[in-house]
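Input: a single structure, listed below in C-alpha cells.
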Amino acid sequence: MIAVVALHDDTVAARASALPAPLDAEEERAQERTWVARALEGDARAFRCIVDRHHRGMFRLALRMLGDRAEAEDVVQEAFARAYKRLEHFDDGYRLSTWLYRIALNICRDHLKSPRRNERPRGLSAVPGAEDVDDALRADQRLDRARMAQRLRESLDELSASYREAIVLKDLEELSYQEMKEITGAPVTALKIRVVRARAKLRAILERELS
Amino acid sequence: MREERDPILQEHLAALRSEEDPHPPEGLVNRAWTRAVVERRRDQEAGGLAARLRRALRPRMVRLRVAPALGLALVSAAVAAVWVARTPVSTVPDASPPVATPAVSAGAPAPREAAPPKEVPVRFVLPAEEARSVAVAGDFNDWRTDELLLDDPEGNGVFVGTAWLRPGTYSYMFVVDGERWVTDPYASNHRNDGFGQQNAVLRID
C-alpha cells in the first residue's frame, strides 16, 4: 500500500519543496540525515523526499553527460533505485548529493561505454522550449547563443568520456575540486590536470569548428 | 598547473548553461521513487529468503549424551544387519559398461525420478508473441529472474515450462525479456503486492 498511499499523498515532498525560506546547508544536511534514517526504518515516503530534492540536479548531470533526455531519465531512475538498495552503506560524513551524483556518474560511464550507444547518431540534441528561457533576449542574440551552445554540444561529443566528465563537473555543474574528488574518487591534482587538458582539447575543437 | 580562463570557451559554456532546460520530464519523481521502492522491496524479499535458507542449511552443533547415543547406535546396527540378511546379493559381476546420465535440455521438466515424492509438477504458460524470453520469478525461487526460464517449443510465442513445487501457497510473476514484470493472466487468484502490481497466487494442497 505504500506506493498507492504516497502517489496520492505528496504532502511530505511538497512541503519540503514549498518551504518559504530556504534551509541553509547545515539544516539541509540534518534534514537529509533524518530522511535517510526514516527511509532505513521502512518509511518509503522519506525516500521520496530525497528523490524530490535531488532528481533535478541528477537529471541535469545525466543530460549533460549523455545529451539525451530519455537516457538521462533512465540514469536518474536507476541511480535512485541503486541508492535505495544501498542506503545502509551511505556514510553521512558525506553529503547525500555527492553520494547520489557518484552513483549517477557511474551509471553514465556505463552508458557511455555501451557499444550499442556508439551505434546511435551522436550529438547532443537541442532542448525543446529552450527559446522560452529568456524572453528578454533579442532574436539575434538568442540565435548566436543557440549556435554557440550547439557548437559546444558537438565539440563535447568529440571529447573522451573522462575529459567530457571533467568539463561537465567543473564548468557546467560548477563544482569545486573537493566535490569532484568526492564524486569521482580521483585526487584533486589529477582532476586539475584533467580539467586543464580537457579545456585545451575542447578549445582546439572549437577553433576548428569556428574556422 | 595553471588554469586558464579562455574567453571563447567561457562564452560557449555560458551559452550552453543558459540554454539547457533544467526541468526534468514531468512525473520523473514518481517514476524514480516507485521503481526504487519496488526494487528495494524485491531485493529485501530475495535477501530475506536467501538468509532464511542459509540459516536453515547452516551446520549446527548437536550434543548427545553417551548412553542414548550408544543405544541409538546399537538399534541402528541391528536394523542394518536384518536388512542385509534379507537382501538377495548377486554374485554375478556387473559386466555392463557405465552409462552416462542422459543430458536434459534447458527448460525441459526435471526427471521424475529426481523429484522428491511430495513435489508436484506445475506448468506455467504465457502467450507472449513479441517476447524474446520469459522467466518465472516467485517465492519458490527467491524471485530470481534467471532460474526458471520458459521455452517456446512451437515457435508460436507461447512460452511453457514446468517446475516441481512442494505443497504451499506461492506468489509469482512472469518476467518478459528480463525486465517487464507481467501478472499471469490465467491465474485464478491474485494478491496486491502493495505497489500497484498484482502477483499471481498459486496454492498447492
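Here the protein sequences come in this chain order: A and B.
The numbers in our numbering rise by one with no breaks, and the one at position 1 of the first sequence is 1.
The numbers in our numbering rise by one with no breaks, and the one at position 9 of the second sequence is 220.
Glycine included, every Cβ here is placed at the ideal spot set by N, Cα and C.
Fair warning: this is a prediction, and the values are worked out from it, not measured in the lab.
* Asked: Which class does P218 (chain B) belong to by DSSP, given the choice of helix, strand or coil?
  -> Helix at P218 (chain B).
* Asked: By DSSP, does T419 (chain B) sit in helix, in strand, or in coil?
  -> The structure shown does not extend to residue 419 (chain B), since chain B spans only 212 to 416, so no value can be given for it.
* Asked: In three-state DSSP terms, what is L206 (chain A)?
  -> In the structure shown, L206 (chain A) falls within a helical segment according to DSSP collapsed to helix, strand and coil.
* To do: State yes or no: is the beta carbon of E88 (chain A) nearer than 8 Å to at least one beta carbon in chain B?
  => The C-beta of E88 (chain A) comes no closer than 8 Å to any C-beta of chain B.
* Asked: Quick one: which chain B residues come within Cβ less than 8 Å of H55 (chain A)?
  -> Per Cβ cutoff of 8 Å: P235, L239, V240, A243.
* Can you have a look at Y220 (chain A) and say buried or exposed, based on whether 16 or more other CB atoms are within 10 angstroms of its CB? => Shown here, chain A extends from 1 to 211; a query on residue 220 (chain A) therefore has no answer.
* To do: Under 8 Å by Cβ, that's how I've got L361 (chain B) and L337 (chain B) pegged, so tell me the actual separation to the nearest angstrom.
  => So it is a contact: roughly 7 Å between Cβ atoms.
* Determine the DSSP secondary structure at L360 (chain B), reduced to helix, strand or coil. => If DSSP states are grouped into helix, strand and coil, L360 (chain B) belongs with the strands.
* To do: Please determine, among B:D350, B:T356, B:A226, B:A398, the residue with the shortest C-alpha to C-alpha distance to L143 (chain A).
  => When only C-alpha atoms are compared, the closest one is B:A226.
* Three-way DSSP call (helix, strand, coil) for Q409 (chain B) in this model -> Assignment of Q409 (chain B) by DSSP, reduced to helix, strand and coil, places it in the strand class.
* Go through its chain and collect everything with a Cβ distance to V195 (chain A)'s Cβ below 6 Å, but skip five positions before and after it. => Non-local C-beta neighbours of V195 (chain A) in its own chain, meaning closer than 6 Å and more than five positions away in sequence, comprise A166, K170, ordered along the chain.
* **Boundaries (first-last residue) of the beta strand (DSSP E) holding A346 (chain B)** => First-last of the beta strand (DSSP E) with A346 (chain B): 345-349.
* Should A149 (chain A) go down as buried or exposed, given a rule of 16 or more other Cβ atoms within 10 Å for buried? -> A149 (chain A) should be labelled buried.
* Beta-carbon separation of A247 (chain B) and F59 (chain A) under 8 Å? -> No, they are not a contact pair.
* Let me know the secondary structure DSSP gives R95 (chain A) once reduced to three states. => Residue state, collapsed to three classes: coil.
* To do: Look at the Cβ atom of L239 (chain B), then the Cβ atom of V36 (chain A), and state whether they are nearer than 8 Å.
  => Inclusion of L239 (chain B) and V36 (chain A) in the CB contact set at 8 Å is not warranted, their separation being larger than that value.
* Residues that DSSP places opposite T373 (chain B) in a beta bridge -> DSSP lists B:R334 as partners of T373 (chain B).
* Using a Cβ-Cβ cut-off of less than 9 Å, list which residues of the region 341-373 of chain B approach chain A; keep chain order. => Within the region 341-373 of chain B, no residue qualifies.
* Counting only beta-carbon atoms, is Q77 (chain A) nearer than 8 Å to chain B? -> It does: the Cβ of Q77 (chain A) has a partner Cβ on chain B nearer than 8 Å.
* Using the C-alpha atoms, what's the distance from I415 (chain B) back to L66 (chain A)? -> C-alpha separation (whole angstroms): 50 Å.
* To do: Report the option in B:T356, B:E230, B:V387 whose CA atom is closest to the CA atom of V369 (chain B).
  => Nearest C-alpha to V369 (chain B): B:V387.
* In chain order, what residues of the same chain have a beta carbon less than 6 Å from the beta carbon of E358 (chain B), not counting five sequence neighbours either side? -> Result list for E358 (chain B): N352, in chain order.
* To do: Indicate whether at least one CB of chain B lies closer than 8 Å to the CB of A81 (chain A).
  => For A81 (chain A), the closest Cβ of chain B is nearer than 8 Å.
* Rounded C-beta distance between L100 (chain A) and A79 (chain A)? I'm assuming under 8 Å. -> So it is a contact: roughly 6 Å between Cβ atoms.
* **Close-in-space but distant-in-sequence residues of the same chain around R64 (chain A) (CB under 8 Å, 5 per side omitted)** => V168, L172, E173, listed in sequence order.
* To do: Closer than 8 Å by beta-carbon distance: list the chain B residues that pair up with A104 (chain A), in chain order.
  => Within chain B, no residue comes near A104 (chain A); the closest Cβ sits about 11 Å away, beyond 8 Å.
* Spatially closest choice to H234 (chain B) from A:L23, A:H55, A:E26, by CA coordinates -> Residue nearest to H234 (chain B) within the set A:L23, A:H55, A:E26 is A:H55 (criterion: CA-CA distance).
* Asked: Since N400 (chain B) sits in a beta bridge, which residues does DSSP pair it with?
  -> Paired residue(s): B:V412.
* **Residue range of the unbroken beta strand (DSSP E) whose run includes V393 (chain B)** => Annotation: the continuous beta strand (DSSP E) that includes V393 (chain B) extends over 391-393.
* Could you tell me if L264 (chain B) is buried or exposed, where buried requires 16 or more neighbouring beta carbons within 10 angstroms of its beta carbon? => Result: exposed.
* Asked: So who's on the other strand from F385 (chain B), going by DSSP bridges?
  -> F385 (chain B) is bridged by DSSP to B:V347, B:V393.
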